[in-house]
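Right, one structure below, let's go through it.
Numbering (this note's numbering), first residue to last: 1185 to 1445.
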C-alpha cells in the first residue's frame, strides 16, 4: 500500500491518533471511524500549489506507514460521495476513472464501500460520482442537491471545487461560494466526514491566485474544525505543472499521484 490516498484515507489513518468514534445521522450512521486532523512533525507549506513557495502560513500533519491494516479500521460501512468538477469526473484520464478507481481499490478491502452520485464516468464498476465538467462552485452546490448526492446521505464526502471559478475570473466570489457549499454539505449531512482538497496549479492564472484561494480554504477548514465539524484538508501541494496534461487536468500519472498524495 502506498504512502497515502487522495482524501478519505486520511480519515482512516487519523484513527491512530484518537479513539473516540463518531456516529451520526447520514445514511443512518455518520462517519464510522475516529476523527482528528493528523499532526505532522516536519512543517511544510501545505496550502501552496507550488511546493517551492514558502509563506508564513503552515499546516501540519503526520507521516504514517499506510501499510498497517489496523489503521484502516476494516468492517466499515462507507457511503462515499465524490463531489466536484471535471477532475472528480476523471476528465483526461485514459480510463475515465481519474483518481477514483485507485482510491476505491485502497478502501474496499475489509470494508463495505459504495461510491454514490448521479453521474457515471469511467470503466470502474462502482463509477458513481457527482463530478461535472466545467462546473463552478455554485453549480457544484446545485448538483449536490440531486437525490442521488447529498440527500442519499453519504457519510464521507470528497470535495474538489474552485478550479473553474479561478479560470472564469470569479476570484472575488469563489470563497463565499465555497463557504456556502460547505454549509450545504453539513446542513444536509451534519455527521458526515468532509475532506476538502486544495487546488492543483493553474499555469494560465495570474501568479498567486491559486495559492491565495488555497490559503482561504485552509482557513475555512481550520475554523470549522474549531467549531466541531468533521472536516479535513487534503493538500495537493506536491503537484506541479508537469502533472497536468493541459494545464488544468491531471495526466494519468497525475491522477495516480493524486490518489497517493
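Heads up, the beta-carbon is just placed ideally off N, CA and C, and yes, glycines get one too. Treat the numbers as computed from the prediction; the structure is a model and nothing was measured.
Problem set entry | Spatially closest choice to residue 1356 from 1400, 1380, 1378 and 1309, by CA coordinates | Here residue 1356 is taken as the residue at index 172 of the chain shown, counted from 1. It is 1400 whose Cα lies nearest to the Cα of residue 1356.
Exercise. Contact check, residue 1280 vs residue 1306 under 8 Å by CB: the rounded distance?
Worked result: The residue labelled residue 1280 in the question sits at position 96 within the chain shown. The residue labelled residue 1306 in the question sits at position 122 within the chain shown. Right, the Cβ-Cβ distance comes to about 4 Å (below 8 Å), so this counts as a contact.
For this session: In angstroms with no decimal places, state the Cα-to-Cα distance between residue 1211 and residue 1328.
Result: Position 27 of the chain shown holds residue 1211. Position 144 of the chain shown holds residue 1328. With a pLDDT of only 49 at residue 1211, under 50, the local geometry of the prediction cannot be trusted, and the value read off the model is given with reservation. Rounded to whole angstroms, residue 1211 to residue 1328 spans 16 Å at the Cα level.
Exercise. Do you know how far the Cα of residue 1285 is from the Cα of residue 1420?
Worked result: To locate residue 1420, count along the chain shown from 1; it is residue 236. To locate residue 1285, count along the chain shown from 1; it is residue 101. When rounded, the distance between both Cα atoms is 18 Å.
Exercise. With which residues is residue 1314 paired in a DSSP beta bridge?
Worked result: For the purposes of this step, residue 1314 is identified with residue 130 of the chain shown, where counting begins at 1. Per DSSP, 1267.
For this session: Please name the residue in 1440, 1326 and 1268 whose C-alpha comes closest to that of residue 1368.
Result: As a first step, residue 1368 must be located in the chain shown, where it is residue number 184. Checked all of 1440, 1326 and 1268; the closest Cα to residue 1368 is 1326.
Exercise. Whose C-beta lies closer than 6 Å to the C-beta of residue 1276 among residues of the same chain, with five residues either side of it excluded?
Worked result: Within the chain shown, numbered from 1, the residue matching residue 1276 stands at position 92. 1429 and 1433.
Exercise. Can you tell me whether DSSP reads residue 1321 as helix, strand or coil?
Worked result: One-based indexing of the chain shown puts residue 1321 at position 137. If DSSP states are grouped into helix, strand and coil, residue 1321 belongs with the helices.
For this session: Return helix, strand or coil for residue 1359, following the three-state DSSP convention.
Result: Taking the first residue of the chain shown as position 1, residue 1359 is located at position 175. Residue 1359: helix per DSSP, three-state reduction.
For this session: Assign residue 1399 to one of three DSSP states: helix, strand, or coil.
Result: The residue given as residue 1399 occupies position 215 in the chain shown. The answer is helix: DSSP assigns residue 1399 an H, G or I state.
Exercise. According to the Cβ coordinates, are residue 1424 and residue 1390 closer than 9 Å?
Worked result: As a working mapping, residue 1424 is identified with position 240 in the chain shown. As a working mapping, residue 1390 is identified with position 206 in the chain shown. No, they are not a contact pair.
Exercise. Alpha helix (DSSP H) containing residue 1286: first to last residue?
Worked result: Mapped onto the chain shown, residue 1286 falls at position 102. Segment 1284-1292, the alpha helix (DSSP H) holding residue 1286.
For this session: Over the uninterrupted alpha helix (DSSP H) stretch that includes residue 1351, give me the two end residues.
Result: Position 167 of the chain shown holds residue 1351. Start and end: 1347-1351.
Exercise. Given residue 1439, which residues of its chain have a CB within under 6 Å of its CB, disregarding the five upstream and five downstream residues?
Worked result: Here residue 1439 is taken as the residue at index 255 of the chain shown, counted from 1. 1277, 1282 and 1283, listed in sequence order.
Exercise. If residue 1418 and residue 1361 are in contact, beta carbons under 8 Å, what's the gap, nearest whole angstrom?
Worked result: Translated into the one-based positions of the chain shown, residue 1418 becomes position 234. Translated into the one-based positions of the chain shown, residue 1361 becomes position 177. Not quite, the Cβ-Cβ distance comes to about 19 Å (not below 8 Å), so this is no contact.
For this session: Let me know the secondary structure DSSP gives residue 1442 once reduced to three states.
Result: As a first step, residue 1442 must be located in the chain shown, where it is residue number 258. In this structure, residue 1442 counts as helix in the three-state DSSP scheme.
Exercise. Can you list, in chain order, the residues of its chain whose CB lies under 6 Å from that of residue 1408, leaving out five sequence neighbours each side?
Worked result: Counting from 1 along the chain shown, the entry for residue 1408 is found at position 224. So the qualifying residues of the chain are 1415.
Exercise. Which whole-angstrom value is the C-beta distance of residue 1376 and residue 1341, which I expect to be below 8 Å?
Worked result: Stepping through the chain shown from its first residue, residue 1376 is reached at position 192. Stepping through the chain shown from its first residue, residue 1341 is reached at position 157. About 6 Å separates the Cβ atoms of residue 1376 and residue 1341, confirming a contact at the 8 Å cut-off.
Problem set entry | Rounded C-alpha distance that separates residue 1344 from residue 1271 | Counted from its first residue, the chain shown places residue 1344 at position 160. Counted from its first residue, the chain shown places residue 1271 at position 87. Roughly 8 Å between the two C-alpha positions.
Problem set entry | Euclidean distance between Cα positions of residue 1296 and residue 1337 | The residue labelled residue 1296 in the question sits at position 112 within the chain shown. The residue labelled residue 1337 in the question sits at position 153 within the chain shown. Each residue's alpha carbon lies about 15 Å from the other.
Exercise. Is residue 1353 near the ligand SAM, with its Cβ less than 8 Å from a heavy atom?
Worked result: Here there are no bound small molecules, and the ligand SAM is not part of this structure.
Exercise. In the structure shown, what three-state DSSP assignment does residue 1377 receive?
Worked result: As a position in the chain shown, residue 1377 is number 193, starting the count at 1. Looking at residue 1377 - three-state DSSP - the assignment turns out to be strand.
Problem set entry | Reduced DSSP category for residue 1332 - H, G, I as helix; E, B as strand; rest coil | Position 148 of the chain shown, counting from 1, holds the residue named residue 1332. Of the three classes helix, strand and coil, the one that applies to residue 1332 here is coil, per DSSP.
For this session: May I ask you to report which of helix, strand or coil DSSP gives residue 1415?
Result: Start at 1 with the first residue of the chain shown, and residue 1415 comes out as number 231. Residue 1415: strand per DSSP, three-state reduction.
Exercise. Can you round the beta-carbon distance between residue 1267 and residue 1321 to whole angstroms, since I take them to be within the 8 Å contact cut?
Worked result: Counting from 1 along the chain shown, the entry for residue 1267 is found at position 83. Counting from 1 along the chain shown, the entry for residue 1321 is found at position 137. Going by Cβ atoms, the distance from residue 1267 to residue 1321 rounds to 11 Å, so no, they are not a contact pair.
Exercise. Taking residue 1308 as the reference, which of 1350, 1334, 1299 and 1333 has the closest Cα?
Worked result: As a first step, residue 1308 is located in the chain shown; it is residue number 124 there, counting from the start. Closest by alpha carbon: 1299.
Problem set entry | For residue 1269 and residue 1348, believed in contact at Cβ under 8 Å, the rounded distance | Along the chain shown, read from residue 1 onward, the residue named residue 1348 stands at position 164. Along the chain shown, read from residue 1 onward, the residue named residue 1269 stands at position 85. Between the beta-carbon of residue 1348 and that of residue 1269 there is about 6 Å, and that keeps the pair under the 8 Å contact cut.
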